[in-house]
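*Asks:* Everything in the sequence shown is counted per our numbering, starting at 3 for the first residue and increasing by one.
Beta carbons: idealized from backbone N, C-alpha and C, even for Gly.
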Amino acid sequence: MAAELRAQGLHQYYGGSHTLRGVDLTVAPGQITVVLGRNGVGKTTLLKSLMGVVGLREGRVDWQGQDISRLPPHARARAGLGYVPQGREIFGRLTVMENLQMGLSAAPRGAPLPPQIFELFPVLQQMRDRRGGDLSGGQQQQLAIGRALAGRPSLLMLDEPTEGIQPSVIKDIGRVLRRLAQQGLDGQPMAVLLVEQYYDFAAELADRYVVLERGRVIAQGLGADMARDGVKAMMAI
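Here it is in structure tokens:
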């Protein structure tokens, strides 16, 4: 069964707000699917709903052909979903290695850290004994991605990984995401779902795009067509 995620008719509420309104989404292996939109349109809520961090009010999420709509986050992680939250949420008092090992909770018992993490992010090897809180913002973002990869996911979801990051690290992260989509950690294509506010980064990486506005999908298509479709203007509405 292909490592495909399919969401249908997702509805979510936050306080008195209807934050997701019938969202449909498919994320396929070998592709980077980018979700764009202004702040407050439901992008983060969408990822949290897919990961099970917040329970769905309506709709269904299928992963590899199985309904995971009611599974808790740890079960989804063990099923192959990796999640890099907005703001990174690393453990500042733990070392880099200890942070990475936290990601092993999604892996089979006794599994080692995938060595590919250090190939993708050499700085983590160099700073393995440093506390997470002592790293720069870009290094912390690489650590957060590495922690998600420790569980060897087949789908990697990232919430605005370029936020507050220097341009050189943004380029590095872009190269890593493209490589992961093409060959994953073990030679098998990975599905990548990227929530992003930085249009140029999104346009460079997207195989497919989705634009959210007030909790609804208002446009979607091929990444190569983003300029023609006027996606940048949609984000400014």
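Helix, strand or coil for isoleucine 175, going by three-state DSSP, please let me know.
*Replies:* Walking along the sequence shown from the start, residue 175 turns up at place 173. Note: isoleucine 175 maps to helix in three-state DSSP.
*Asks:* Who are valine 219's beta bridge partners in DSSP?
*Replies:* In the sequence shown, the residue the question calls residue 219 occupies position 217. DSSP, once it has assigned bridges, lists Leu214 as partnering valine 219.
*Asks:* Could you work out which residue in Gly140, Pro155, Ala150 is closest to isoleucine 167 when comparing CA atoms only?
*Replies:* Residue 167 sits at position 165 when you count from the first residue of the sequence shown. The shortest Cα separation from isoleucine 167 among Gly140, Pro155, Ala150 belongs to Gly140.
*Asks:* Would leucine 182 and glycine 148 qualify as a contact pair, given that the criterion is a beta-carbon distance under 8 angstroms?
*Replies:* Walking along the sequence shown from the start, residue 182 turns up at place 180. Walking along the sequence shown from the start, residue 148 turns up at place 146. Result no, Cβ atoms of leucine 182 and glycine 148 do not sit closer than 8 angstroms.
*Asks:* Sort out for me which residues DSSP pairs glutamate 241 with in a bridge.
*Replies:* With the chain covering only 3 through 239, there is no way to say anything about residue 241.
*Asks:* If you run the structure through DSSP and keep just helix, strand and coil, what is glycine 140?
*Replies:* Position 138 of the sequence shown, counting from 1, holds the residue named residue 140. Three-state result, glycine 140: helix.
*Asks:* In this structure, does DSSP put methionine 129 in helix, strand or coil?
*Replies:* Counting from one through the sequence shown, the residue named residue 129 turns up at place 127. When secondary structure is reduced to three states using DSSP, methionine 129 falls in the coil class, being assigned neither helix nor strand.
*Asks:* Use the C-beta contact count for glutamine 68: other C-beta atoms within 10 angstroms, 16 or more gives buried, fewer gives exposed.
*Replies:* Taking the sequence shown and counting its residues from 1, the one referred to as residue 68 is at position 66. Counting Cβ neighbours within 10 Å, glutamine 68 comes out exposed, since fewer than 16 surround it.
*Asks:* Residues in its own chain within less than 8 angstroms of glycine 11 by CB, not counting five upstream and five downstream?
*Replies:* Within the sequence shown, the letter at position 9 stands for residue 11. Counting only Cβ-Cβ distances below 8 angstroms, and skipping sequence neighbours, we find Gly24, Val25, Asp26, Glu60, Gly61, Arg62.
*Asks:* Can you give me the Cβ contacts of lysine 234 inside the same chain, cut-off strictly under 6 angstroms, excluding the 5 residues immediately before and after it?
*Replies:* The sequence position of residue 234 within the sequence shown is 232, counting from 1. Within the same chain, lysine 234 has close Cβ partners Tyr201.
*Asks:* In the DSSP assignment, the beta strand (DSSP E) including serine 19 goes from what residue to what residue?
*Replies:* Residue numbering aside, residue 19 sits at position 17 when the sequence shown is read from its first letter. In the DSSP assignment, serine 19 falls within the unbroken beta strand (DSSP E) covering 19-29.
*Asks:* Sorted by chain position, which residues of the same chain lie with C-beta nearer than 7 angstroms to glutamine 142's C-beta, five sequence neighbours on each side aside?
*Replies:* Taking the first residue of the sequence shown as 1, we reach residue 142 at position 140. Here the set comprises Arg90, Ile92, Gly134.
*Asks:* How close, in whole Å, do the beta carbons of threonine 47 and tyrosine 16 come, if the pair is a contact with beta carbons under 8 angstroms?
*Replies:* Indexing the sequence shown from 1 puts residue 47 at position 45. Indexing the sequence shown from 1 puts residue 16 at position 14. Going by Cβ atoms, the distance from threonine 47 to tyrosine 16 rounds to 7 angstroms, so yes, they are a contact pair.
*Asks:* For phenylalanine 120, which residues from the same chain have a beta carbon less than 7 angstroms from its beta carbon, with the 5 sequence-adjacent residues on both sides left out?
*Replies:* The residue labelled residue 120 in the question sits at position 118 within the sequence shown. Cβ within range, chain order: Leu126, Gln127.
*Asks:* Determine the closest residue to proline 155 out of Gly189, Asp174, Ala229, with distance taken between C-alpha atoms.
*Replies:* Position 153 of the sequence shown, counted from the start, is the residue given in the question as residue 155. It is Gly189.
*Asks:* Suppose contacts are defined by Cβ-Cβ distances below 8 angstroms. Is glutamine 199 in contact with valine 212 by that definition?
*Replies:* Start at 1 with the first residue of the sequence shown, and residue 199 comes out as number 197. Start at 1 with the first residue of the sequence shown, and residue 212 comes out as number 210. Cβ atoms of glutamine 199 and valine 212: not closer than 8 angstroms.
*Asks:* Terminal residues of the continuous alpha helix (DSSP H) containing leucine 102?
*Replies:* Position 100 of the sequence shown, counted from the first residue, corresponds to residue 102. Its alpha helix (DSSP H) spans residues 98-104.
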